[in-house]
Structures are given as structure tokens and as C-alpha cells.
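Peer 1: Everything in the sequence shown is counted per UniProt numbering, starting at 1 for the first residue and increasing by one.
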Amino acid sequence: MSLSLNPTSFSFFLFSLYFLSLPVGTSSLPVVGITYTHDPRHDHDHTPPSHVASTVHSLKLSAVRLPESDPSVVRDFSYSNISLLLNIPNSLIPAIASNRSNALRWLYHHVIPFYPRSKVSTISVGNDILDTSSDLADFLLPAIRNVHLGLRDLGIQKISVSTTFSFINIMTTSFPPSAAEFQEPVSELLIKPLLQFLDDTNSSFLVNLYPYNVYRLNSEIPIGFALFQQHPFNYRDDLTTGVRYRNLFDMMVDSVISAMAVAGHESIPVIVTETGWPSSGDASEIDASPAYAEMYINGLVTHLSSGLGTPLRREGVAETYIYELFDRETRQGTDSGRHWGIMYPNMTRKYNIPFSGSVRTGYSRGWVRMVGGLFTIVALWLLQ
Ligand SMILES: *[C@@H]1O[C@H](CO)[C@@H](O)[C@H](O)[C@H]1NC(C)=O
Ligand SMILES: *[C@@H]1O[C@H](CO)[C@@H](O)[C@H](O)[C@H]1NC(C)=O
Ligand SMILES: *[C@@H]1O[C@H](CO)[C@@H](O)[C@H](O)[C@H]1NC(C)=O
Ligand SMILES: *[C@@H]1O[C@H](CO)[C@@H](O)[C@H](O)[C@H]1NC(C)=O
1 MSLSLNPTSF SFFLFSLYFL SLPVGTSSLP VVGITYTHDP RHDHDHTPPS HVASTVHSLK
61 LSAVRLPESD PSVVRDFSYS NISLLLNIPN SLIPAIASNR SNALRWLYHH VIPFYPRSKV
121 STISVGNDIL DTSSDLADFL LPAIRNVHLG LRDLGIQKIS VSTTFSFINI MTTSFPPSAA
181 EFQEPVSELL IKPLLQFLDD TNSSFLVNLY PYNVYRLNSE IPIGFALFQQ HPFNYRDDLT
241 TGVRYRNLFD MMVDSVISAM AVAGHESIPV IVTETGWPSS GDASEIDASP AYAEMYINGL
301 VTHLSSGLGT PLRREGVAET YIYELFDRET RQGTDSGRHW GIMYPNMTRK YNIPFSGSVR
361 TGYSRGWVRM VGGLFTIVAL WLLQ
């Protein structure tokens, strides 16, 4: 073998590897945010919306998703430096699709009075329409285009426009990820043209992604694999790509990334708009417990801030929004609802989870890459 490494070039190579890996690791950690649903019925005895921005700030979360996008809540995030993901309700999609002036009207109420003091980053036109409103599918892309053109008319370039799907309603499978595709017929009719739009406008693919639901549907999945627990048997190998998965979240994200690649758009950023684990559910949901919920959210935040990305995408997801900020209470006394909040309605924290938010832990990625590089070099060295 002609390859020879003397100790000097070896150290130099190591040094450059270390040096090169640091800036990347510190700049591209995924944003960790949270979903907040404003429930006006509870304002008088629970969190007033005006306290939500400071609550989110104190949790060190840097982004909030507002499914209702109440203008007063958008205003409350002025000067907070917390980025906002807004949502246009499914019911407005036909009107917005039919006439751009309806898109402009929505923007005049929800964005223009507050932007850019409120840091709106993304607008999702509709949420999971395939679940409850699949009759709206034909209106979706025209509505998305009208919101995009409306923003352009207003001279706003920095807000991207997309829509939100639910993993379960669009994917054929989650294992192995390399075999995942988008379901037909929505893939041809809706998702492929959407991906083209997202590519053309530098926007992101938004997906609600719950390992909790996939775990419940597949009894062979070990609970630890869904909860980010390190255990010798908590892995799945994708034999086609040769990569090993150590948690269900990565496997689901990579399924989406594979399906996008099959559709010819492999580099669109992915935003996980909802993910979480309930602390309680109905009698059949034995895995909806505070201990598991805390393990899931803790594991998720730790995993995201490790900067390791997923096996198929080194930078991983661009943003992840935990579902959700507050438990919601059912007034009728029938507690059928699951509780997903990380806080009680009285603003007490349910779990002790250090959200990385402003804390940048990019060193770990650089460090892992350096160790990986070191193994490669030692292996090459031994081969000589
Ligand atoms: C606002 O947030 C961005 C990114 O989240 C950060 O880079 C910037 O330093 C923050 N600015 C202030 C004034 O906190
Ligand atoms: C769109 O709405 C505007 C304002 O309501 C109206 O003047 C215009 O005629 C509408 N255009 C179409 C094509 O319906
Ligand atoms: C998308 O991003 C690229 C690279 O940052 C830029 O050159 C291009 O102009 C952007 N396109 C749009 C439509 O914003
Ligand atoms: C908030 O509510 C939770 C659950 O109902 C309760 O356990 C906790 O003691 C309350 N905290 C305060 C400060 O009232």
C-alpha cells in the first residue's frame, strides 16, 4: 500500500479535522420549540396569554407554534426574540385558494400589525387536512401559493409558507426507512407538487410525528426504543442503507427524508411541528404516564442538542416543536382527553427538563466527528 502516514501528517490531519468540525457543530443545532394553544375559556383562572411569552422565555425555548394564531397572542411575542410558526385554519383554505385578497386579509390581521417585532418565521396553511378535511386537498396548493404571493406583494421575503401533514396519514411505512414512500394517491396529486413549491421557495416540509402512536400500533417495538433509552437491544438495522437506528424518532424522520428523496427532493429541510408523549390517557393507554412522558421529552431534547442529526441527514431536523406547553382541562368532568402538556394549567412545571434553547452544546457534534475520524485514521494506519 502506498498510503503512508507519518506522525506529523497524522497529527496535522487530526488537527484540521478538529478545527473544521467546530464551526459547523456550533451553528446548525435544531431549534427546539413548543406548541401553545390559546384557550380563551380558561383565561380568567389560568395563564393569561400575556404571560406565555415570558414563560416560554424562562424555559429557554426559542420557538413557539401557534395552531390558532390568535392576533393578540402574536402581538404578545413582540420583542421576545422567540420565533413563531403560525397556522391558517383548514376552514379558510377554500376562500384563500379562490382569491388572493383573502390571503392578504388574513395577513393584515395576523402578521402585518406585529411583524417584524414578532418574529414570524413560517406560516402553515392548514394542519393535517388529510385527516379530517381531505375534500380540501384540491384547494391546498392554490391557497399556499396565494399566501406566498400575498407576502411577496407586501414585500416580505423572510416568512416561508408550507402546510402540515401527519406522519401516519402520509407514509406507507416507517421501517425500514429506506423503503418508506408517501402514500398514493396523495403523493402524486398533492405532495410532489408541494415539494416542488417548497424547493422553489426555500421552504420546509412540516410534519406531526409521534413515536407514541407508531409504538402503540406496533407491539414488537421495545418501549425503550421509543423513549430514547440506551440499551444494547434498542436498535434496528436498515439493511438497505446499512445504518443502525437507536430510536424511533430518527427512524420516522429518516422515513420522511427517504420518501422525499424517492419523490426527487432530498434536500428540503424538515420541521417536526408536533411531537410528544402524554402523561395520561384513557384506560387502554398504559404507556401514557408521567415517567414515560418525561423520559421521551428529556431524551428528545438531549438527542436534538447532541447535534448528531439522523443517520440519513447529518444536520437532522431543522426545528422540532414539542406538543404542548400546557395541559388542557376538560370542564365537563369526563377526563377522556390525554394530557400532553409540559406544564399544568397553573404554570407549574410537570417535569424537570433542561431545554437547551439558548445553550449551545455544539462541541459534542465536533467531538463525535473527531472521534469518528480518529477511528477511521487508526483503521487506515493499521491496514498499511
Ligand atoms: C435572537 O435569537 C437568535 C437566534 O435564536 C440569536 O442568534 C440572537 O442572538 C438573539 N438575539 C437577542 C437579542 O437575544
Ligand atoms: C377577490 O376579492 C376582491 C375583494 O373582495 C374582489 O374585488 C375581486 O373581484 C375578487 N376576485 C375574484 C376573482 O373573485
Ligand atoms: C433560496 O436560497 C438560495 C440560497 O440561499 C438563494 O440563492 C435563492 O435566491 C433563494 N430562493 C428564494 C426563492 O428565496
Ligand atoms: C398546580 O397544579 C398541579 C396539578 O393540579 C398541582 O399538583 C400543583 O400543586 C399546583 N401548583 C400550584 C403552585 O398551585
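Where a beta carbon is used, it is the ideal one built from N, C-alpha and C, also for glycine.
1. Should G357 be labelled buried (16 or more other beta-carbon atoms within 10 Å of its own) or exposed?
2. Determine the direct distance from the alpha carbon of L325 to that of D200, and round the result to whole angstroms.
3. Tell me which same chain residues have a C-beta within less than 8 Å of the C-beta of E266, skipping the five on either side of it?
4. Does the count of Cβ pairs from the segment 114-125 and the segment 66-77 closer than 8 Å reach three?
5. Is R349 helix, strand or coil by DSSP?
6. Is any heavy atom of ligand 2 found at a distance shorter than 7 Å from the C-beta of N146?
7. Report buried or exposed for E274, applying the criterion of at least 16 other Cβ atoms within 10 angstroms of its Cβ.
8. So what does R65 bridge to, in DSSP terms?
9. Do D237 and L312 come within 8 Å of each other at the CB atom, strictly closer than that value?
10. How close, in whole Å, do the beta carbons of L140 and F355 come, if the pair is a contact with beta carbons under 8 Å?
11. Relative to ligand 4, is the shortest distance from any of its heavy atoms to the C-beta of T201 smaller than 7 Å?
12. Exposed or buried, what is T35 when buried is set at 16 or more other beta-carbons lying within 10 Å of its beta-carbon?
13. So is the beta-carbon of T348 under 7 Å away from any non-hydrogen atom of ligand 4?
14. If you follow the alpha helix (DSSP H) that R216 is in, where does it begin and where does it stop?
15. My guess is that L29 and G307 are in contact by the Cβ rule of under 8 Å, so how many angstroms apart are they, rounded?
16. Which one or two residues does DSSP pair with I322 in a beta bridge?
Peer 2: Judging by the given coordinates:
1. The sequence position of residue 357 within the sequence shown is 357, counting from 1. Note that G357 scores a pLDDT of 46, beneath 50, so its modelled location is shaky and nothing firm can be said.
2. Here residue 200 refers to the residue found at position 200 when the sequence shown is read from its first residue. Here residue 325 refers to the residue found at position 325 when the sequence shown is read from its first residue. A direct Cα-to-Cα measurement between D200 and L325 gives close to 33 Å.
3. As a working mapping, residue 266 is identified with position 266 in the sequence shown. If the five residues before and after E266 are omitted, its C-beta is found closer than 8 Å to the C-beta atoms of I257, M260, all from its own chain and listed in chain order.
4. The segment 114-125 is in contact with the segment 66-77.
5. Your numbering for residue 349 matches position 349 in the sequence shown. If DSSP states are grouped into helix, strand and coil, R349 belongs with the strands.
6. The residue labelled residue 146 in the question sits at position 146 within the sequence shown. Not under cutoff, so the answer is no.
7. As a position in the sequence shown, residue 274 is number 274, starting the count at 1. So E274 ends up on the buried side.
8. Indexing the sequence shown from 1 puts residue 65 at position 65. DSSP lists T35, L85 as partners of R65.
9. Indexing the sequence shown from 1 puts residue 312 at position 312. Indexing the sequence shown from 1 puts residue 237 at position 237. Cβ atoms of L312 and D237: not closer than 8 Å.
10. Taking the first residue of the sequence shown as 1, we reach residue 140 at position 140. Taking the first residue of the sequence shown as 1, we reach residue 355 at position 355. Separation of the CB atoms of L140 and F355 is rounded to 33 Å, and the pair is thereby denied contact status at 8 Å.
11. Reading the sequence shown from its first residue, position 201 is the one you call residue 201. No, Cβ of T201 sits at least 7 Å from all heavy atoms of ligand 4.
12. Position 35 of the sequence shown, counting from 1, holds the residue named residue 35. That one is buried.
13. Taking the first residue of the sequence shown as 1, we reach residue 348 at position 348. Yes, the Cβ of T348 comes within 7 Å of a heavy atom of ligand 4.
14. Position 216 of the sequence shown, counted from the first residue, corresponds to residue 216. In the DSSP assignment, R216 falls within the unbroken alpha helix (DSSP H) covering 211-217.
15. Residue mapping note: residue 29 aligns to position 29 of the sequence shown, counting from 1. Residue mapping note: residue 307 aligns to position 307 of the sequence shown, counting from 1. The C-beta separation of L29 from G307 comes to about 5 Å, placing the pair in contact by the 8 Å criterion.
16. Translated into the one-based positions of the sequence shown, residue 322 becomes position 322. In the DSSP assignment, I322 forms a beta bridge with I34, T275.
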